[in-house]
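Each remark here refers to the structure printed beneath this line.
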Amino acid sequence: MDETAVVVVGAGPTGLTLACALRTQGVDVRVLDRAAGPAATSRANILHARGVEVLDRLGALRGLTEEARTAATITSYIGSEPIGRLRFGDVGIGTARPALLAPQTMVEARLRDRLAELGVRPAWSTEVTGVHQDAEGATVTTADGGTVRARWVVGCDGAHSAVRRLAGIGFPGAPVADRFLIGDVHMSGMPDREGSHGWQHPDGMVAAMPMPRPGRDDGAEGGPDDLWRLMVYLAGEPDGEPDDAEVLRRLRAAFAHRTGRTDAAVYGAEWVSHFRVHRRLADTYRAGRVLLAGDAAHIHSPLGGQGMLTGVCDAENLAWKLALVVRSAAAPPLLDTYEAERRPLAEDVLRTTTAVTRVQVSGHPLARLLRDRVLARVFALPAVQRRATAVASQLRVTYRRGPLAGRTPPGRAPRPGDRVPDLPVRHADGTASRLHAEVGGRWALVARRAPGVDAVADRLGGPVAALASPRPREGEVWLVRPDAHLAWRGAAGSPGLERWLGAALRHGGVR
Ligand SMILES: Cc1cc2nc3c(=O)[nH]c(=O)nc-3n(C[C@H](O)[C@H](O)[C@H](O)COP(=O)(O)OP(=O)(O)OC[C@H]3O[C@@H](n4cnc5c(N)ncnc54)[C@H](O)[C@@H]3O)c2cc1C
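Just so we're aligned: 504 in our numbering is position 471 of the sequence shown, and the numbers increase by one with no gaps anywhere.
See below:
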């Protein structure tokens, strides 16, 4: 029987990120996917700043920033009249990267390339049909009659997760909105491609987002080759399965009717689809040796582009904890901190995306007045734009209230649980680097002068970067997790660090 430390079920963005992060931390991993090969359809088309950081830390960014488009603005219109512009800006916490308009196919390709470099290729056409746990591990069976024995199994197998079902984990939730039509279409005559555009109309909203055209000269924009993601809301649509030609026809008709633009035209489509919006959250993220991440754990409205981002960040959070447990540097209770830290964030994402969707699709006159006349102006305020960027980018996500955050007096940022910005740092030999380039595959200790790391590396059973930065106070040390959140800060040589490590690694909590 094939044996490994971790079986990752699903080679979507969540599973690929998890596998890359586990491999960078030296964990043996198999990735199984029922599809015959990589998906060719774009699906999610935005990767917010925090997701860009994760790919960077894993060495998977490789030219994506240049190839994608930057999501700079969203302009709202009623008919041809612009009523407001939301500008994604600096959230005021340093090193904020712009969000990227990049189709999911592009993101997955980067992750697959990186994973191949790390020695793993997904096993395609390998559908998981059974997961049987015992005290030492789990046996995964596949539709082709194969079996893999693993210590841990992670279901990254999407909204209809078989792993979730096989582990007996419920997925309660409710529908949020009727049918959306979606398509990557060739268009001419569209407003500028520096941002996205949204039209409000009594029949429902229309949104258009510029899509990258790999290898094309941007100077030639404006012609029928321009690629746009078009999304149209259809209220009260009866059930039924419109075929691709019908979806394209309806996209075209709704665009012309609701935007009033006679100067823009929709040509053929690279891809079309349609879906209803549901919000669902798994009852638990862990059942024994089985864990869930990404869409297998939570689904919600695509408005706001949080789907791929939340899955990728789940994976990064889980990977270092699994790595510690696999190499016996930590006890399994550490794995429960994954849900404790990530579930509140998923609840926030479900709440926010549901609220945004309901406001966007409501046909109620009062809701329309609020949306079209009040909110459009409020979103023009710089403070609101900063707040919107911070929420959408997930850069301000903190685990301060989680079980791994100790009690630090208020007012000293970063506090344990906070994301540490991508600080300029130096190695002991004076070589310059960035904090986020040093973590990912390992932990870091940061102080005014590069500190000794041997004791902490022994405790963690893996490498720890010794880095110098003027940010910690004189005599202070910061322990930074592989996902760039602050684990602990305190006086160099104090027993506090050893206490934190003991409590986190043995008991999965320091409170
Ligand atoms: C039409 C559409 C449009 C979308 N638009 C947006 C958007 O605009 N913005 C946004 O943020 N999000 C969007 N999403 C959601 C986004 O695509 C998901 O949030 C994201 O793909 C989640 O990644 P994941 O890796 O968790 O799951 P998935 O990408 O669903 O990957 C799951 C993988 O598991 C595999 N698998 C499933 N079952 C098994 C099994 N039994 N055995 C082995 N393998 C299995 C599948 O083949 C697949 O490769 C869209 C989704 C769809 C379908």
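Glycine is no exception: its CB is placed at the ideal position from the N, C-alpha and C atoms.
Keep in mind it's a predicted model, so treat the numbers as computed, not measured.
- One thing to note: PRO71 has its Cβ no nearer than 8 Å to the Cβ of MET341.
- Three or more pairs of CB atoms, one per stretch, sit closer than 8 Å, so the segment 267-281 contacts the segment 294-309.
- DSSP places THR37 within a strand segment (E or B) once states are collapsed to three.
- For the 8 Å CB-CB criterion, VAL417 and HIS518 do not form a contact.
- Bounds of the beta strand (DSSP E) holding ASP211 are 206-221.
- Taking C-beta separations shorter than 7 Å and ignoring five residues to either side along the sequence, the partners of ASP211 in its chain run LEU267, ALA268, GLY269, GLU270 and ARG309, following chain order.
- For ligand 1, a non-hydrogen atom lies closer than 7 Å to the CB of ALA72.
- Beta-bridge partners assigned by DSSP to SER109: GLY117 and GLY231.
- In terms of side-chain proximity, the C-beta atom of ASP177 is found no nearer than 7 Å to any non-hydrogen atom of ligand 1.
- Not one heavy atom of ligand 1 sits closer than 7 Å to the Cβ of LEU144.
- Annotation note: the segment 345-425 contains the following uninterrupted alpha helix (DSSP H) runs of length 4 or greater, listed N- to C-terminal: 366-394 and 398-402.
- Along the segment 427-479, the alpha helix (DSSP H) occurs as fully enclosed runs of 4 or more residues at 468-471, listed in sequence order.
- Between the alpha carbons of ASP190 and LEU199 lies a distance of about 12 Å.
- Going by DSSP, MET139 is part of the alpha helix (DSSP H) stretching over 137-150.
- DSSP places GLU100 inside the alpha helix (DSSP H), whose first and last residues are 97-100.
- The beta carbon of GLY201 sits closer than 7 Å to those of ALA320, all from its chain and outside the five residues before and after it, given in chain order.
- Using a C-beta cut-off of 8 Å, the segment 217-229 makes contact with the segment 100-112, since at least three inter-stretch Cβ pairs fall below that distance.
- In terms of side-chain proximity, the C-beta atom of CYS189 is found nearer than 7 Å to a non-hydrogen atom of ligand 1.
- Under the DSSP definition of a beta bridge, ALA268 lacks any partner.
- As a beta-bridge residue in DSSP terms, GLY188 pairs with VAL42 and LEU325.
- Residue burial is scored here from C-beta neighbours: GLU141 has at least 16 other C-beta atoms within 10 angstroms and is therefore classed as buried.
- Burial state of ALA524 is exposed, judged by a 10 Å Cβ sphere holding fewer than 16 other Cβ atoms.
- For GLN58, the closest of VAL479, PRO505, VAL359 and PRO377 by C-alpha to C-alpha distance is VAL359.
- Separation of PRO398 and VAL392 (C-alpha to C-alpha, rounded to the nearest whole angstrom) is 11 Å.
- In the structure shown, TRP157 adopts coil according to DSSP, grouped into three states.
- Between the C-alpha atoms of GLY396 and PHE213 there is a straight-line separation of about 15 Å.
- Residue environment for PRO503: exposed (fewer than 16 other C-beta atoms within 10 angstroms of its C-beta).
- Per the DSSP secondary-structure output, VAL239 pairs in a beta bridge with TRP232 and VAL265.
- One alpha carbon belongs to GLU36, the other to ALA183, and they sit about 6 Å apart.
- If you look at VAL280, you'll find it in the alpha helix (DSSP H) that goes 277-292.
- In the three-state scheme derived from DSSP, where H, G and I count as helix and E and B as strand, GLY163 is classed as strand.
- In terms of Cα proximity to GLY222, the closest of TRP261, ALA326, ARG406 and HIS81 is TRP261.
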